[in-house]
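Chains as they are written, first to last, in this note's numbering: chain X, 54 to 346; chain B, 85 to 382.
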């Protein structure tokens, strides 16, 4: 993980090792339990949940809860299911991810290869913005979005996520480019290459891993956001997390637990998929946000 | 001739300015959307804003009222309980798992992602899962009854005195794997030669950990503390999805307090004041940490 060897010098005896494996497996079961419960109960008829137990496999398998959660469950006024909100989340996340990554890359490039007086302070200002509790910006943001005519719209949410994502993406690229040999940049400069040419031809081609980190981290964060979605979206632009919460906490009618579980899995699926495919980069992003790069 | 010279001059001057021009939009956005907005909210916290921002100065009145509200007192007491338990339990589980995983475990590459995947989920998903798993009507209690253990009772999520602990449980489930990853990175950075030398001197595993390894994990402890405490202060989604702040006000946190006072109770001045308190708490932890990190890196 940190690049160092996985070999520890500590030696353990056989009985101790059995105990270690046992504990590790127990913990794995603890982490898997909610996913297991959600999965099996999302393919059960409601009667088997209210009448049976939560960790039993279904006796009757059914995909109806999934169909209902996706296309017919009552979320807002209309029984649309979660589908339109899933699309909202995609339309919100993709542009915000691309924009924040693009600006993060340029910022990182400037801050490491074209340093100037006061750049450290600017970076500090950008960095602190990653950690503010967003409650502090909710009121003015709501006002500004209203003034700009972006209140309750997906472009408004894109703007919000883009702006509050720059800090993290800048951090990633700055740490990554700091390790990139500055001599190469200087040599290209002497050969007459300009600012953008150097970025485009020299830095960007070797930025694959950090672009992956930035994409994944931003996508996960934006997809999973609830606070901004709940504050700034209206019924038509609600992202998936807000729609799921509405579905689960709506107090009208019978509580369709199986539909809730199916919906929760749908909301989890994109980030989970990204994690399964590119978990390595996800962990790197997490660590860069805490223990430096 | 003279024009081309001037052109070239312009070009180099542009090249000099280009980096700053490229950085400018991000800096401007941050100055407005982060620092400008912070100042605006601070200003509002000194006004009698209710449903809409107002600019009538009332001094510290909102802060005085805030700290007289039992609702706020509950929120900060809950935060203290929640953050304390969350940080301690995550650290204990994280450190334990990291140490266990560091014993040349077969299948580490299989287990580690299992411990970490909750971190990729939305708190709304986590909240939904645990809400129904802990619900006495269909969850754990119901399941135990179905197995024939009729007297089993577990209704914490519906119980005013215990509901906050269910928030701790779900939050620990989500973040302890991440804490493990921080400690594991720390453990993997420790020099084995020192350990081997101590072993030659006959040191037991216990004393290796107590005297050599744990002291070297100080930076990992610090990072874990800083990251977890700022996550705890910002906690909002999980409470909304898991308990909605209830039963009653049993699981209200400053974040949920701020939201309901600002947007549903039309007490924007008080909402702004609570947001300022939250920001100051986070800043008190983050600013020294970031400052030290940046300095160290030079």
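Note that beta-carbon positions come from the ideal geometry of N, C-alpha and C, so glycine has one too.
Since we're looking at a predicted model, the values are computed, not measured.
Residues of the same chain with a CB within less than 8 Å of the CB of residue 333 of chain X, apart from the 5 flanking positions on each side, do not exist. Within chain B, the residues 109 and 110 have their CB atoms less than 8 Å from the CB of residue 156 of chain X, given in chain order.
A residue is called buried when at least 16 other Cβ atoms come within 10 angstroms of its Cβ; residue 99 of chain B does not meet this threshold and is exposed. Cβ neighbours of residue 110 of chain X within its own chain (closer than 7 Å, five residues either side excluded): 93. For the pair residue 63 of chain X and residue 300 of chain B, the CB atoms are not nearer than the 9 Å cut-off. For residue 216 of chain B, the CB contacts under 8 Å within the same chain, skipping 5 residues up- and downstream, are 222 and 223 in chain order. Contact of residue 302 of chain X with chain B by beta-carbon distance below 7 Å involves 328. Residue 253 of chain X carries a helical assignment under DSSP once its states are collapsed to helix, strand and coil.
For residue 272 of chain B, the uninterrupted alpha helix (DSSP H) run begins and ends at 247–272, by DSSP.
Using beta-carbon distances, residue 254 of chain X does not count as an interface residue toward chain B, since no partner is under 9 Å. Secondary structure of residue 233 of chain B (DSSP, three-state): coil. Taken in chain order, the complete beta strand (DSSP E) segments of 3 or more residues contained in the segment 272–308 of chain X number zero; there are none.
Going by DSSP, residue 276 of chain B is part of the alpha helix (DSSP H) stretching over 276–284. Counting C-beta atoms within 10 angstroms of its own C-beta, residue 317 of chain B has 16 or more neighbours from the protein chains shown and is therefore classed as buried.
A residue is called buried once 16 or more other Cβ atoms fall within 10 Å of its Cβ, and residue 139 of chain B, having fewer, is exposed. Between the segment 252–271 of chain X and the segment 145–159 of chain B, the count of C-beta pairs closer than 8 Å stays below three; the two stretches do not touch. Taking 9 Å as the CB threshold, residue 145 of chain B stays off the interface with chain X. If you draw a straight line from the Cα of residue 291 of chain B to the Cα of residue 297 of chain B, it is about 9 Å long.
Residue 295 of chain X is a Cβ neighbour of residue 138 of chain X, given a cutoff of 9 Å. Taking C-beta atoms as the reference points, residue 174 of chain B and residue 334 of chain B fail to come closer than 9 Å. Cβ-Cβ distances below 7 Å link residue 268 of chain X to 150 and 154 in the same chain, with the five nearest sequence neighbours on each side left out; the list follows chain order. In the same chain as residue 181 of chain B, and ignoring 5 residues on each side of it, the C-beta atoms closer than 7 Å to its own belong to 199 and 264, in chain order. Under DSSP, residue 156 of chain B takes part in no beta bridge, so it has no partner. When Cβ pairs closer than 8 Å are counted between the two stretches, the segment 304–314 of chain X is seen not to touch the segment 220–230 of chain X, the count staying below three. Ranked by Cα distance from residue 90 of chain X, the options X/318, X/176 and X/66 are led by X/318.
Under the three-state reduction of DSSP output, residue 141 of chain B falls in the strand class.
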